[in-house]
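Heads up: the sequence lines are chains U and C, in that order.
Here the first sequence stands for residues 1171 to 1649, numbered as in the working numbering.
Here the second sequence stands for residues 165 to 431, numbered as in the working numbering.
Working notes, beginning with the structure itself.
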Amino acid sequence: MHDIHVIDPVTRIEGHAKITLHLDDGGSIADARFHVTEFRGFEEFCRGRPLDEMPALTARTCGICPVSHLLAGAKATDALCAVRIPPPAVLQRRLANLGQIVQSHVLSFFHLSAPDLLLGMESDPAVRNVFGLMAAEPEIVRRGIRLRQFGQEVIASVAFDKIHGGGIVTGGVAEPFTTAKRDAVVGWLDEVHASALATWDLLWSVTDQFADEIAIFGDFDSLYLSHCLPDGTWEHIDGNLRITGADGQIVVDQFDPADYLELLGESGKTDSYLKAPYYKPYVDGDDPRPGMYRVGPLARINNAERFGTPEADARLALLRERFGRTATSAFLYHHARVLEVIASIERIAALMDDPELLTWPVRADAGVNALRGVGASEAPRGTLFHDYSVDRQGLITGVNLVIATGQNDLAINRTITDIARAYVHGPDDLTDGALNRIEAGVRAYDPCLSCSTHAVGQMPMVVELVAPDGEVIAHRRRD
Amino acid sequence: MSRPSLAVWKFASCDGCQLSLLSAEDELLTLAEEVHIAHFLEATREVAPGPYDVSLVEGSITTPADAERIRHVRSISGTLITIGACATAGGIQALRNLADVEAYTNLVYAHPEYVSTLAESTSIAQHVPVDFELRGCPVEVPQLLEVVSALLAGRKPVTPPHAVCLECKLRGAVCVMVAHGTPCLGPITQAGCGARCPAFNRGCYGCFGPMETPNTASLSDRLHDELGVDDDDLARLLRTFNADAPEFRAEARRRDSIAAAREEATT
Ligand code: SF4
Ligand code: SF4
């Protein structure tokens, strides 16, 4: 390994994904890195704020998964107040998270990845976007739009609003659920369940065409981290953590997320604004890579034995029959996302039948009872930790946020290294096809940045090929 | 006639505002038929630059590179519309304007020397002329669509000139200050949300930012004298998503100095 090329801050291109490919002395790809270049400073500016503002403040970290931040933030403040939230509030929060998983995964699948998957990686970039797909396959796009609307409405039924809603608060939720809201959600169920199953059929039917990508896109051993119930059932917000290895062995189970610092170390990278956590016990020295783990849909389906809902489980069995008990290729994140959409809809249906959903009280009231509180949940992209400290007045003195994209960072780098090795052979070889595949490799993880900087259309990116001495010998920019 | 072109630009933000546009799925597809959506075409010397008929700008300016980039965006845009609290008032990240950036980056990053950032998060209008500012955190989609279609049609967008307070009255919501003594920024906050928070018995926290010529000082005095909100809490109330909006910023500072003066008097 050669030294990392330090990016000159002046040449940083905000709003673009920046990727550097590092060559070794023989001219082959030694390493590839994905850089995040935006800094807003939440960890610091939240200091001095009252604890009950935190869910709404940190929701502004991300407009794509604000509900995840609302939930993790609310859970961290519950812990500061040492309250156990009332059961109907638990159900409402679960409902909001399921809605969030549906809308976010659907956005990732239909708006961002389906153009690649259905129109082909080599197709004209001018039409390889959701508008091009709309022209070619209007029915499919409509289905995606309806599914996403459903997810958004489920979120709004709890949070009051699709983005940055105020209904999720310290101690529970703001309002009891109503029969009117329930009936509105129930009215959608048949349609969205059928659409989700049709989406799986579509993805499954094109899976064979991507045998190469499945083999090259991040197919390597890593650890997987997510919430999981003790009996192995898929879990998305409550309970404890499980870590498994590529061989399916359970490495850690039912670990309290409040103690995450015992498991996870954080390496601040020199070349990105993203912090890259690793699994501590596997790291000895400076190189965090032996501790690489993946979070998100792939990790959740690998850690769980089952979803616990019928149609999702039937399809999970198909996936396992084909790719083994542990799905190791990052390409299969797409499959895991569609499975989670099905499972979430089936879980939402079950919640609608639970009479406790409509009961109250929905909020526990308390002051500061602990000086530190950690809240964790499964955001669509992976496990999210909010860790707050307060003073006796309940004013924030410290914040640490561990986000999914950061946790996948080491794996994203490994994935694009593999792709670059397969498709880039020297300075004259940064072709469109190679760039598309690098982009698709990054997108498989659905990093926040992927939807954030380019919700529609292709990812603006800068790829640099860097010689062992740090000189940039080829540079391609796609706007 | 060729379709007018529309570009969406992102600066420091959470993306919630542009995702609001994406959430207006049906309308977005209709819009896509009327305009050519040229997203994030960051023009460079090599690539044929815009110009774009309309640019929507989300996010605030937090880095030297972005301060350059927004000037470029302005130069290739016909009409430039800023969307959301980040773009119109520096956003939640403008809270850092009150503190020392070095402390921030040191706290968050192991290698702060590589973090290139400006001391302040500032609104787009502090850098370039802006044709229309649409407030909200996030913006309301119907308003956004109204602004875009009005500007494409060459007419003035119709957005409410009044405060959230009036929206409460319009929807028949009980005033949370009168009924429950809950502090509320509704009287000085730009309308547009339909008084969402007061309708659920919560005070407005001003996510739409100040209305035109708000009487900020008089509301804040009333909150202080009648509802017993202390100066620190008042300053905090004004310092959320629109902390750097001039009217909110000035009043929060006034509260700071009152608190400081009182402290001095007691010691
Ligand atoms: S104004 Fe609010 S919703 Fe819009 S980008 Fe900024 S933080 Fe996000
Ligand atoms: S009531 Fe105030 S805080 Fe609530 S959405 Fe409206 S403007 Fe924002």
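For each residue, glycine too, the CB sits at the ideal point set by N, CA and C.
As the structure is a prediction and not an experimental result, all values here were calculated from the model.
By the 10 Å Cβ neighbour count, where 16 or more other Cβ atoms means buried, how is residue i classified, buried or exposed?
i          : result
U/Glu-1432 : exposed
U/Arg-1613 : buried
U/Thr-1349 : exposed
U/His-1406 : buried
U/His-1275 : buried
U/Ala-1366 : buried
U/Gln-1424 : exposed
U/Leu-1553 : Reading the sequence as shown, one finds Thr at residue 1553 of chain U and not Leu. Looking at its Cβ environment, which holds 16 or more other Cβ atoms inside 10 Å, U/Thr-1553 is buried.
U/Glu-1287 : The residue asked about is misnamed: residue 1287 of chain U is Leu in this sequence, not Glu. Result: buried.
U/Thr-1601 : exposed
U/Trp-1530 : exposed
U/Leu-1488 : exposed
U/Asn-1539 : exposed
C/Ser-421  : exposed
C/Leu-334  : exposed
C/Glu-197  : exposed
U/Asp-1201 : buried
C/Glu-304  : buried
C/Thr-431  : exposed
U/Ser-1198 : exposed
U/Ala-1536 : exposed
U/His-1281 : buried
U/Gly-1314 : buried
U/Ile-1420 : exposed
U/Pro-1285 : buried
C/Ser-177  : buried
U/Ile-1608 : buried
In the DSSP assignment, what are the bridge partners of residue i?
i          : result
U/Asn-1137 : Because chain U is modelled from 1171 through 1649, residue 1137 of chain U falls outside the range shown and cannot be assessed.
U/Asp-1524 : Beta-bridge pairing links U/Asp-1524 to no other residue.
U/Trp-1404 : U/Cys-1398
U/Pro-1460 : The partner list for U/Pro-1460 (beta bridge, DSSP) is empty, contrary to what the question assumes.
U/Phe-1204 : U/Ile-1189
U/Thr-1543 : Here the sequence assigns Gly to residue 1543 of chain U, which means Thr is not the residue at that position. According to DSSP, which records beta bridges pairwise, U/Gly-1543 is partnered with U/Tyr-1558.
U/Thr-1414 : U/Tyr-1394, U/Ile-1420
U/Gly-1342 : U/Val-1339, U/Arg-1533
C/Thr-243  : C/Val-218
C/Pro-347  : Answer is none; C/Pro-347 lacks a bridge partner.
U/Glu-1634 : U/Thr-1190, U/His-1645
C/Val-172  : C/Leu-220
U/Pro-1447 : U/Glu-1436
U/Arg-1476 : U/Thr-1403
U/His-1275 : DSSP output for U/His-1275 lists no bridge partner at all.
So, under 8 Å CB-CB, residue i and residue j are touching, yes? Tell me the CB distance rounded to an integer number of Å.
i          : j          : result
U/Glu-1345 : U/Gly-1335 : With a Cβ gap of about 11 Å, U/Glu-1345 and U/Gly-1335 do not count as contacting.
C/Gly-373  : C/Asn-406  : 4 Å
C/Ser-224  : C/Arg-260  : Wrong, their Cβ atoms sit about 10 Å apart, outside the cutoff.
C/Gly-356  : C/Thr-323  : 7 Å
C/Leu-391  : C/Pro-347  : 6 Å
U/Phe-1387 : U/Ser-1499 : 6 Å
U/Gly-1543 : U/Ala-1242 : No, U/Gly-1543 and U/Ala-1242 are not in contact; Cβ-Cβ is about 11 Å, not under 8 Å.
U/Pro-1258 : U/Glu-1526 : 6 Å
U/Ala-1637 : U/Leu-1193 : 6 Å
U/Val-1560 : U/Leu-1240 : With a Cβ gap of about 18 Å, U/Val-1560 and U/Leu-1240 do not count as contacting.
U/Leu-1605 : U/His-1504 : Actually they do not touch by this definition, with Cβ atoms about 20 Å apart.
C/Leu-220  : C/Val-199  : About 11 Å separates the two Cβ atoms, so there is no contact after all.
U/Val-1272 : U/Gly-1302 : No, U/Val-1272 and U/Gly-1302 are not in contact; Cβ-Cβ is about 24 Å, not under 8 Å.
U/Val-1355 : U/Val-1532 : At roughly 17 Å, the Cβ-Cβ gap does not stay under 8 Å, so U/Val-1355 and U/Val-1532 are not in contact.
U/Ala-1506 : U/Pro-1467 : 3 Å
U/Ala-1474 : U/Thr-1403 : 6 Å
C/Arg-418  : U/Phe-1330 : With a Cβ gap of about 32 Å, C/Arg-418 and U/Phe-1330 do not count as contacting.
Could you tell me whether the stretch 293-302 of chain C touches the stretch 246-264 of chain C, using the rule of 3 or more Cβ pairs below 8 Å? Remark: three or more beta-carbon pairs, one from each stretch, lie closer than 8 Å, so the stretch 293-302 of chain C and the stretch 246-264 of chain C are flagged as touching.
With contact counted as at least three CB pairs below 8 Å, one residue from each stretch, are the stretch 338-354 of chain C and the stretch 367-379 of chain C in contact? Below 8 Å, enough C-beta pairs join the stretch 338-354 of chain C and the stretch 367-379 of chain C to call them touching: three or more.
Considering only heavy atoms of ligand 1 and the C-beta of each residue, which residues fall inside 5 Å, strictly closer? Near ligand 1, residues with a Cβ at less than 5 Å from any of the ligand's heavy atoms are U/Arg-1230, U/Gly-1233, C/Ser-177, C/Cys-178, C/Gly-180, C/Cys-181, C/Gly-248, C/Ala-249, C/Cys-250, C/Gly-255, C/Cys-301, C/Pro-302; the list follows chain order.
Does the contact criterion of 3 or more C-beta pairs under 8 Å hold for the stretch 1248-1261 of chain U versus the stretch 1474-1489 of chain U? Cβ pair count under 8 Å is below three, so no.
Can we say the stretch 1261-1269 of chain U touches the stretch 1557-1566 of chain U, given the rule of at least three CB pairs closer than 8 Å? Touching, no.
Mind the definition here: the stretch 1514-1526 of chain U touches the stretch 1355-1366 of chain U only if three or more C-beta pairs lie below 8 Å; say whether that holds. Counting Cβ pairs under 8 Å, three or more are found: they touch.
Could you check whether the stretch 1462-1472 of chain U touches the stretch 1388-1403 of chain U, counting it as contact only if at least three pairs of C-beta atoms, one from each stretch, sit closer than 8 Å? When Cβ pairs closer than 8 Å are counted between the two stretches, the stretch 1462-1472 of chain U is seen to touch the stretch 1388-1403 of chain U, the count reaching three or more.
Would you call the stretch 386-401 of chain C and the stretch 233-246 of chain C in contact, with 3 or more CB pairs under 8 Å? These segments do not touch.
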